[in-house]
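Those protein sequences? They're chains A and B, same order as listed.
Just so you know, the numbering used here puts 743 at position 50 of the first sequence, and the rest follows in order with no gaps.
Just so you know, the numbering used here puts 775 at position 82 of the second sequence, and the rest follows in order with no gaps.
Okay, structure first, notes after.
Number of protein chains: 2
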Amino acid sequence: MGRVICCGLGPGDPELMSVRADRLIRTASHIAYFRKKGRPGQARRIVEGMLAPNVNEYAMEYPVTTELPFDSSDYNSILASFYDDWAERIEDLARARDIVVLCEGDPFFYGSFMHLFVRLQGRAQLEVVPGIPGMTGCWNVTGVPMTWGDDVMTVVMGTMPEDALARHMTGSDALVVMKTGRNLAKIRRALEAAGRLDDAWLVERGTMPDQRVARLSEIEDNVSPYFAIVLVHGNGRRPETAE
Amino acid sequence: MGRVICCGLGPGDPELMSVRADRLIRTASHIAYFRKKGRPGQARRIVEGMLAPNVNEYAMEYPVTTELPFDSSDYNSILASFYDDWAERIEDLARARDIVVLCEGDPFFYGSFMHLFVRLQGRAQLEVVPGIPGMTGCWNVTGVPMTWGDDVMTVVMGTMPEDALARHMTGSDALVVMKTGRNLAKIRRALEAAGRLDDAWLVERGTMPDQRVARLSEIEDNVSPYFAIVLVHGNGRRPETAE
């Protein structure tokens, strides 16, 4: 019996994956990863140059669903079958050998592997190697500490309704907004309503070669790439040097 | 001119530090870390067995302050001078060579290195290597995914007033409570008020050899060790398999 080992890849820079994930990926004979149809895939790109010469690769390509609303029952059932099918295939593969599943960031933090993980309970031996979450890589590249002392930090999705976003932005010290994509204009309005827009940063592809770090108020884009996060740093209590 | 390089160590298991941090620590000639007076120190313990034979070590021992309230001006000025002095010493050391500063978890996420980082701006070349935050290691060892879909995740400190804690616990899906220590009874009451106590986990020394993972409602302790986190997992939208 083999294992299904999900390796968190961290924020994008391959040197930021853990020593354990690095070793498991370099020695893997079977490797699987999610990607959009026809794209190389971010997870696969991160491990470029690391894989063994004769590795067997399984690209788990998301069914095209852009024409369906993400809360429709059709969307739900298409994605559910997609995860069901891959769970079965990976269960079969793991009968005879270890299979490594790649996952950007940390697998348990909004990670797509979780859909396989819940399905494979009791059907395969599962192991998860945590990774540096994407947001942690992003706040690192701003060069400003994220949270101090008793700061409250809240992580919200840009897909939320504007008033709920603004409410969370008002009630928290440090802020992380993920799933920014087409929600950037809404996120900007919610930050403005919460009085936080001037402190907000946009980080695109943080820690990757083509990263972009900017003050949100200084850019005019209303759409961001998939790997983009809006951040507001906390500014909590700390021992200050007397002047 | 050398650099001051802060390496995030991750949650405790040495294999969970990044490939870059691992290499920088193994090849360092000068290494500094915070610790309580008379203790080996958690950061130093994580790198045990990794250091070069002739490494120069600088243990930055916190001044004993248990007799002072943490919001008093005496406490503040004692700690500020402590950080001032070490910033100066590290600035001096970095004139002639690289010095690696160790930091548990991620350096920019409630990390003690930030107090040196702000003081050393413009005085030394600074580099920070992110790490897996302690909370990420802790939710990993519960074996349950932390956040799904549009879940809101909030990180609060157990040192906050009970009503503020309960308010954040009510308004968020996934929860992380850090600085639990002597605040465990208060945290339990706040979770109860928010209707979240039955879903809460206590993770002590997550990913370390002596870790402990338990349902908070099943343990009676009112004090937890320093490296202990209370977690409530999110349970958001996901594509479910039809029954």
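Cβ coordinates follow ideal geometry from the N, Cα and C atoms, glycine included.
Exercise. Going along the chain, which unbroken runs of the beta strand (DSSP E) with 3 or more residues stay wholly within the segment 775-853 of chain A?
Worked result: Runs found: 792-796, 818-822, 846-850.
Exercise. Where does the unbroken beta strand (DSSP E) through glutamate 754 of chain A begin, and where does it stop?
Worked result: Position 61 of the first sequence holds residue 754 of chain A. Where glutamate 754 of chain A is concerned, the enclosing beta strand (DSSP E) starts and stops at 749-755.
Exercise. According to DSSP, which residues form a beta bridge with leucine 868 of chain B?
Worked result: In the second sequence, residue 868 of chain B corresponds to position 175, counting from 1. In DSSP, leucine 868 of chain B forms a bridge with B/Thr847, B/Val925.
For this session: Give the DSSP-derived three-state secondary structure of arginine 931 of chain A in the structure shown.
Result: The count along the first sequence starts at 1 and reaches residue 931 of chain A at position 238. The DSSP-derived three-state label of arginine 931 of chain A is coil.
Exercise. Taking 7 Å as the CB-CB limit, is tyrosine 751 of chain B close to chain A?
Worked result: As a first step, residue 751 of chain B must be located in the second sequence, where it is residue number 58. For tyrosine 751 of chain B, the answer is no, since every Cβ of chain A falls outside 7 Å of its Cβ.
Exercise. Got a sec? Which residues, its chain only, sit under 8 Å from leucine 813 of chain B by beta carbon, not counting five neighbours each side?
Worked result: Residue 813 of chain B sits at position 120 when you count from the first residue of the second sequence. So the qualifying residues of the chain are Val697, Ala780, Ile783, Glu784, Leu819.
For this session: Just the C-alpha distance for alanine 736 of chain A and aspartate 903 of chain B, rounded to the nearest angstrom, thanks.
Result: As a first step, residue 736 of chain A is located in the first sequence; it is residue number 43 there, counting from the start. As a first step, residue 903 of chain B is located in the second sequence; it is residue number 210 there, counting from the start. Cα to Cα, the separation comes out at about 33 Å.
Exercise. For chain A, is any of its Cβ atoms less than 7 Å away from the one on glutamate 936 of chain B?
Worked result: Along the second sequence, one-based indexing puts residue 936 of chain B at 243. Note that glutamate 936 of chain B scores 47 on pLDDT, short of 50, meaning its location in the model is unreliable; the coordinates nonetheless yield the value given after this. For glutamate 936 of chain B, not one C-beta of chain A is nearer than 7 Å to its own C-beta.
Problem set entry | Simplified DSSP assignment, three categories, for alanine 714 of chain B | In the second sequence, the residue the question calls residue 714 of chain B occupies position 21. Note: alanine 714 of chain B maps to helix in three-state DSSP.
Exercise. Cβ of histidine 861 of chain A within 7 Å of Cβ of valine 848 of chain A?
Worked result: Taking the first sequence and counting its residues from 1, one reaches residue 861 of chain A at position 168. Taking the first sequence and counting its residues from 1, one reaches residue 848 of chain A at position 155. In this structure, valine 848 of chain A does not lie closer than 7 Å to histidine 861 of chain A by Cβ.
Exercise. Can you tell me whether serine 917 of chain A is buried or exposed, with buried defined as 16 or more other CB within 10 angstroms of its CB?
Worked result: Start at 1 with the first residue of the first sequence, and residue 917 of chain A comes out as number 224. With 16 or more Cβ atoms within 10 Å of its Cβ, serine 917 of chain A is classed as buried.
Problem set entry | Three-state class that DSSP yields for isoleucine 912 of chain A in the structure shown | In the first sequence, the residue the question calls residue 912 of chain A occupies position 219. Collapsing the DSSP output to three states places isoleucine 912 of chain A in coil.
Exercise. Quick one: is glutamate 936 of chain A buried, meaning 16 or more other Cβ sit within 10 Å of its Cβ, or exposed?
Worked result: Numbered from its first residue, the first sequence carries residue 936 of chain A at position 243. Residue placement at glutamate 936 of chain A is flagged as unreliable, the pLDDT there being 48, under the threshold of 50; the coordinate-derived value follows with that caveat. Glutamate 936 of chain A counts as exposed, since fewer than 16 other beta carbons sit within 10 angstroms of its beta carbon.
For this session: Assess, as a yes-or-no matter, whether the segment 820-834 of chain A is touched by the segment 722-742 of chain A under the definition of 3 or more beta carbon pairs within less than 8 Å.
Result: At 8 Å Cβ cutoff, the stretches do not touch.
Problem set entry | isoleucine 792 of chain B at chain A interface by Cβ criterion, 7 Å | Looking up residue 792 of chain B in the second sequence gives position 99. Not a single CB atom of chain A sits nearer than 7 Å to the CB of isoleucine 792 of chain B.
Exercise. Closer than 9 Å, Cβ to any Cβ of chain B: which residues of the segment 847-864 of chain A, in chain order?
Worked result: For the segment 847-864 of chain A, the beta-carbon criterion of a distance under 9 Å to any beta-carbon of chain B is satisfied by Thr847, Val848, Val849, Met850, Thr852, Met853, Ala857, Arg860, His861, Gly864.
Problem set entry | Backbone CA spacing between phenylalanine 806 of chain B and leucine 858 of chain B [nearest angstrom] | Here residue 806 of chain B refers to the residue found at position 113 of the second sequence. Here residue 858 of chain B refers to the residue found at position 165 of the second sequence. The alpha-carbon atoms of phenylalanine 806 of chain B and leucine 858 of chain B are separated by roughly 27 Å.
Exercise. Can you name the residues of chain B whose CB is closer than 8 Å to the CB of proline 733 of chain A?
Worked result: Position 40 of the first sequence holds residue 733 of chain A. The premise fails here: proline 733 of chain A is roughly 22 Å from chain B at the closest Cβ pair, so nothing lies under 8 Å.
Exercise. Quick one, which residues of the segment 766-789 of chain B are near chain A if we go by CB-CB under 7 Å, in chain order?
Worked result: For the segment 766-789 of chain B, which is checked against every Cβ of chain A, the residues closer than 7 Å are Asn769, Ser770, Leu772, Ala773, Tyr776, Asp777.
Exercise. Which residue from A/Pro932, A/Gly927, A/Glu933 puts its Cα closest to that of phenylalanine 801 of chain B?
Worked result: Indexing the second sequence from 1 puts residue 801 of chain B at position 108. With distances taken between Cα atoms, phenylalanine 801 of chain B lies closest to A/Gly927.
For this session: Quick one: grab the DSSP three-state call for leucine 702 of chain B.
Result: Counting from 1 along the second sequence, the entry for residue 702 of chain B is found at position 9. If DSSP states are grouped into helix, strand and coil, leucine 702 of chain B belongs with coil.
For this session: Give, in chain order, every residue of the segment 801-823 of chain A whose Cβ lies closer than 9 Å to some Cβ of chain B.
Result: Within the segment 801-823 of chain A, the residues whose Cβ lies closer than 9 Å to some Cβ of chain B are Phe801, Phe802, Tyr803, Gly804, Phe806, Met807, His808, Phe810, Val811, Arg812, Leu819, Val821, Val822, Pro823, listed in chain order.
Exercise. What's the C-alpha gap between methionine 694 of chain A and glycine 836 of chain B?
Worked result: As a position in the first sequence, residue 694 of chain A is number 1, starting the count at 1. As a position in the second sequence, residue 836 of chain B is number 143, starting the count at 1. Near 20 Å, if we compare the C-alpha coordinates of glycine 836 of chain B and methionine 694 of chain A.
Exercise. Taking Cβ-Cβ distances shorter than 7 Å, what residues in chain B pair up with arginine 931 of chain A?
Worked result: Position 238 of the first sequence, counting from 1, holds the residue named residue 931 of chain A. One finds His808 in chain B with Cβ atoms closer than 7 Å to the Cβ of arginine 931 of chain A, taken in chain order.
Problem set entry | One or two residues paired with tyrosine 726 of chain A in a DSSP bridge | By one-based count along the first sequence, residue 726 of chain A stands at place 33. Per the DSSP secondary-structure output, tyrosine 726 of chain A pairs in a beta bridge with A/Ala752.
Problem set entry | aspartate 767 of chain B classed as buried or exposed, judged by whether at least 16 other C-beta atoms fall within 10 angstroms | Residue numbering aside, residue 767 of chain B sits at position 74 when the second sequence is read from its first letter. Burial call: exposed.
Exercise. Straight-line CA distance for cysteine 699 of chain B to valine 811 of chain A?
Worked result: Start at 1 with the first residue of the second sequence, and residue 699 of chain B comes out as number 6. Start at 1 with the first residue of the first sequence, and residue 811 of chain A comes out as number 118. Looking at the two C-alpha atoms, the distance is approximately 37 Å.
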